[in-house]
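The opening residue of the sequence shown carries number 2 in the working numbering; numbering runs sequentially from there.
Don't be surprised by glycine CBs; every beta carbon is placed ideally from N, CA and C.
Read the structure below first, then the notes.
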Amino acid sequence: MNKLSKEYLTECKTALDAEQTHSLSITDNWAHVNRELVHQDWDVLYKKLADYADETAADNAHVQTLMKEHFEIACRFYTPSKEAYIGMGIFYKENEDMKKFHNSYHPEMVDYLGDAIVHYADNNL
2 MNKLSKEYLT ECKTALDAEQ THSLSITDNW AHVNRELVHQ DWDVLYKKLA
52 DYADETAADN AHVQTLMKEH FEIACRFYTP SKEAYIGMGI FYKENEDMKK
102 FHNSYHPEMV DYLGDAIVHY ADNNL
C-alpha cells in the first residue's frame, strides 16, 4: 500500500465511507447479513492467510485465491468498488480495534492483508 499516492489513498477512504453509508441506509444496517457466519468465515480465512504472511508475497497465487474469498465475504454486505475495497484495507490499518483484531492472527496481518487487497483489487476489480 506504500506505493500508492496519498491522494489515491484518501480517495479510497472516501469511497469506502460513501459506499458503506449508502449500503447501510438501504439495507437496514445490513440486516440481510448473517454476521455470525461472516465472522466464522473470516476467522477461517485469516487463519489460512496467517500461514502465508511470513514467507509468501502478497501477490502469490495461493494468497490471491484467499483474497478472492475475502472479497466474496465482503460482498455479503455490498459489492465494493476497487477504491472502496482498498479503503477497507486502509480502515483495517487505521482503526485501532480493527488493527488489533487482524494482528491477533499474525503480528503483521494488517499490513500483509492491505498489500494483498491492493493486488487483488488492481487485478480483479
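Point to revise | Terminal residues of the alpha helix (DSSP H) in which THR66 lies | key: In the DSSP assignment, THR66 falls within the unbroken alpha helix (DSSP H) covering 62-75.
Check your understanding: Does the beta-carbon distance from GLU12 to GLU84 come in below 9 Å?
Key -> Cβ distance < 9 Å, so GLU12 and GLU84 count as in contact.
**Study point:** Three or more C-beta pairs below 8 Å linking the stretch 20-38 and the stretch 94-107
**Key:** With the cut-off at 8 Å, the stretch 20-38 and the stretch 94-107 do not touch.
Point to revise | Buried or exposed (CB count within 10 angstroms, at least 16 for buried), PHE8 | key: Position check: residue 8 holds Glu in this sequence, whereas Phe was assumed. GLU8 should be labelled exposed.
Check your understanding: Is it right to say ASP116 is buried, meaning 16 or more other beta carbons lie within 10 angstroms of its own, or is it exposed?
Key -> Result: buried.
Check your understanding: Run through DSSP, which three-state label would VAL34 get?
Key -> Coil, per DSSP.
Point to revise | Expected contact under 8 Å - CB spacing of GLN65 and TYR121 to nearest Å | key: That belief holds up - the Cβ atoms of GLN65 and TYR121 are roughly 6 Å apart, short of 8 Å.
Check your understanding: To the nearest whole angstrom, what separates the beta carbons of TYR86 and ILE118, a pair I think is in contact under 8 Å?
Key -> Right, their Cβ atoms sit about 6 Å apart.
Exercise for review: Put ALA59 into one of helix, strand or coil per three-state DSSP.
Suggested key: If DSSP states are grouped into helix, strand and coil, ALA59 belongs with coil.
Check your understanding: What is the DSSP secondary structure of GLN106, reduced to helix, strand or coil?
Key -> Contrary to the premise, residue 106 reads as Tyr rather than Gln in this sequence. Looking at TYR106 - three-state DSSP - the assignment turns out to be coil, as it is neither helix nor strand.
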